Amino acid sequence: MLHFHSCRCDPCVQAGPEVSQLSEEYRGRVAIIGINNESIFGVTKPPNLELLKTFLDEHQGEFRYTLMVDNAEGFAKDVVYKPSGYRGIPCAVMLIDGVVAYVGSPLETFKSVLEQALESLSTSNCSSPSSKEE
1 MLHFHSCRCD
11 PCVQAGPEVS
21 QLSEEYRGRV
31 AIIGINNESI
41 FGVTKPPNLE
51 LLKTFLDEHQ
61 GEFRYTLMVD
71 NAEGFAKDVV
81 YKPSGYRGIP
91 CAVMLIDGVV
101 AYVGSPLETF
111 KSVLEQALES
121 LSTSNCSSPS
131 SKEE
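For the sequence shown, full-length UniProt numbering begins at 1 and goes up steadily by one.
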(Lines of atoms letter the chains of each structure in order from A; the text may use other names.)
(Lines give C-alpha, C1' and ligand atoms only; values in the text may rest on other atoms or scores of the structure.)
Protein backbone atom coordinates (compact mmCIF):
# COMPACT_ATOMS: atom_id res chain seq x y z
CA MET A 1 0.00 0.00 0.00
CA LEU A 2 1.22 3.47 -0.83
CA HIS A 3 -0.15 6.17 1.44
CA PHE A 4 0.20 9.64 -0.08
CA HIS A 5 0.15 12.42 2.48
CA SER A 6 1.46 15.88 3.30
CA CYS A 7 2.73 17.46 6.50
CA ARG A 8 0.42 20.41 5.79
CA CYS A 9 -2.76 18.34 5.56
CA ASP A 10 -4.74 17.87 8.80
CA PRO A 11 -6.60 14.72 7.62
CA CYS A 12 -3.23 13.25 6.58
CA VAL A 13 -1.79 13.92 10.02
CA GLN A 14 -4.87 12.39 11.66
CA ALA A 15 -4.52 9.27 9.47
CA GLY A 16 -0.94 8.61 10.60
CA PRO A 17 -1.78 6.55 13.71
CA GLU A 18 -4.40 4.56 11.78
CA VAL A 19 -1.93 3.75 8.99
CA SER A 20 0.60 2.77 11.67
CA GLN A 21 -1.96 0.40 13.18
CA LEU A 22 -2.63 -1.19 9.76
CA SER A 23 1.13 -1.55 9.24
CA GLU A 24 1.49 -3.39 12.55
CA GLU A 25 -1.64 -5.50 12.04
CA TYR A 26 -0.58 -6.72 8.59
CA ARG A 27 3.19 -6.84 9.17
CA GLY A 28 4.76 -9.61 7.11
CA ARG A 29 1.80 -9.78 4.72
CA VAL A 30 1.45 -6.22 3.44
CA ALA A 31 4.09 -3.52 2.92
CA ILE A 32 2.87 -0.04 3.77
CA ILE A 33 4.92 2.90 2.54
CA GLY A 34 4.03 6.51 3.28
CA ILE A 35 4.92 8.96 0.53
CA ASN A 36 5.24 12.52 1.72
CA ASN A 37 4.16 14.60 -1.21
CA GLU A 38 4.33 18.32 -0.56
CA SER A 39 4.23 18.86 -4.34
CA ILE A 40 0.49 18.19 -4.18
CA PHE A 41 0.31 21.83 -3.05
CA GLY A 42 2.25 23.05 -6.08
CA VAL A 43 5.65 23.13 -4.38
CA THR A 44 8.13 22.52 -7.17
CA LYS A 45 11.40 23.10 -5.35
CA PRO A 46 13.37 20.16 -3.92
CA PRO A 47 11.62 18.31 -1.07
CA ASN A 48 11.82 20.13 2.25
CA LEU A 49 13.47 17.48 4.38
CA GLU A 50 13.69 19.87 7.34
CA LEU A 51 9.90 20.31 7.26
CA LEU A 52 9.46 16.53 7.31
CA LYS A 53 12.04 16.06 10.09
CA THR A 54 10.36 18.73 12.23
CA PHE A 55 6.97 17.19 11.52
CA LEU A 56 8.15 13.71 12.56
CA ASP A 57 9.75 15.12 15.72
CA GLU A 58 6.45 16.80 16.62
CA HIS A 59 4.46 13.62 15.92
CA GLN A 60 6.94 11.19 17.40
CA GLY A 61 5.60 7.65 17.51
CA GLU A 62 2.48 8.38 15.45
CA PHE A 63 4.02 7.40 12.10
CA ARG A 64 5.42 3.90 12.68
CA TYR A 65 5.78 2.77 9.09
CA THR A 66 8.24 3.39 6.27
CA LEU A 67 8.15 6.98 5.05
CA MET A 68 9.61 8.26 1.81
CA VAL A 69 9.69 11.67 0.16
CA ASP A 70 8.47 12.09 -3.40
CA ASN A 71 11.10 13.77 -5.54
CA ALA A 72 10.86 17.37 -6.68
CA GLU A 73 9.19 16.42 -9.96
CA GLY A 74 6.50 14.39 -8.20
CA PHE A 75 7.46 11.13 -9.91
CA ALA A 76 5.45 8.80 -7.66
CA LYS A 77 2.47 11.13 -7.80
CA ASP A 78 2.60 11.33 -11.59
CA VAL A 79 3.15 7.62 -12.18
CA VAL A 80 0.81 6.10 -9.58
CA TYR A 81 -1.52 8.72 -8.15
CA LYS A 82 -2.63 10.91 -11.07
CA PRO A 83 -3.52 8.08 -13.51
CA SER A 84 -6.18 6.86 -11.08
CA GLY A 85 -8.09 10.11 -11.38
CA TYR A 86 -8.39 10.38 -7.60
CA ARG A 87 -7.77 13.97 -6.51
CA GLY A 88 -7.21 14.25 -2.80
CA ILE A 89 -5.03 13.45 0.14
CA PRO A 90 -4.65 11.43 2.16
CA CYS A 91 -4.84 8.78 -0.52
CA ALA A 92 -4.21 5.06 -0.21
CA VAL A 93 -3.15 3.11 -3.28
CA MET A 94 -3.19 -0.68 -3.01
CA LEU A 95 -1.12 -2.62 -5.51
CA ILE A 96 -1.52 -6.38 -5.84
CA ASP A 97 0.99 -8.08 -8.11
CA GLY A 98 1.69 -4.75 -9.80
CA VAL A 99 -1.98 -4.01 -10.48
CA VAL A 100 -3.82 -1.13 -8.81
CA ALA A 101 -6.61 -2.72 -6.76
CA TYR A 102 -7.78 0.33 -4.79
CA VAL A 103 -7.29 4.08 -4.83
CA GLY A 104 -8.94 6.42 -2.38
CA SER A 105 -9.85 7.24 1.15
CA PRO A 106 -11.09 6.61 3.85
CA LEU A 107 -8.90 3.90 5.25
CA GLU A 108 -11.90 1.92 6.55
CA THR A 109 -12.82 1.16 2.94
CA PHE A 110 -9.21 0.30 2.22
CA LYS A 111 -9.16 -2.20 5.09
CA SER A 112 -12.20 -4.09 3.79
CA VAL A 113 -10.73 -4.19 0.26
CA LEU A 114 -7.43 -5.37 1.73
CA GLU A 115 -9.13 -8.18 3.65
CA GLN A 116 -10.94 -9.31 0.50
CA ALA A 117 -7.70 -9.19 -1.51
CA LEU A 118 -5.77 -11.18 1.11
CA GLU A 119 -8.56 -13.76 1.27
CA SER A 120 -8.60 -14.04 -2.52
CA LEU A 121 -4.81 -14.42 -2.64
CA SER A 122 -4.79 -17.04 0.09
CA THR A 123 -7.47 -19.15 -1.58
CA SER A 124 -5.87 -18.88 -5.01
CA ASN A 125 -2.47 -19.87 -3.61
CA CYS A 126 -3.78 -22.85 -1.66
CA SER A 127 -3.21 -26.20 -3.22
CA SER A 128 -5.56 -29.02 -2.51
CA PRO A 129 -4.04 -32.08 -0.91
CA SER A 130 -3.18 -34.74 -3.42
CA SER A 131 -5.04 -37.98 -3.08
CA LYS A 132 -3.26 -41.26 -3.25
CA GLU A 133 -4.84 -44.28 -4.84
CA GLU A 134 -4.22 -47.50 -3.01
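Backbone N, C-alpha and C fix where the C-beta goes; we use that ideal spot for every residue, glycine too.
Since the structure is predicted, the reported quantities are computational estimates derived from the model, not experimental observations.
Where does residue i fall in DSSP's three states?
i      : result
Ala15  : helix
Ala101 : strand
Phe4   : strand
Val80  : helix
Ala117 : helix
Please tell me whether residue i and residue j are closer than 7 Å, where the distance is taken between their beta carbons.
i     : j     : result
Gly98 : Tyr65 : no
Leu52 : Asn36 : yes
To which residues of the same chain is residue i closer than 6 Å at the C-beta, ignoring the five residues directly before and after it?
i     : result
Ile96 : Ala117
Report all residues from its chain with a CB closer than 8 Å to the CB of residue i; omit the five preceding and five following residues, and keep chain order.
i      : result
Val113 : Met94, Ala101 and Tyr102
Lys111 : Leu22
For this session: Take every Cβ of the region 12–22, pair it with every Cβ of the region 107–119, and state whether three or more of those distances are shorter than 8 Å.
Result: yes
Exercise. Counting pairs of Cβ atoms below 8 Å between the region 2–11 and the region 89–101, do you hit three or more?
Worked result: yes
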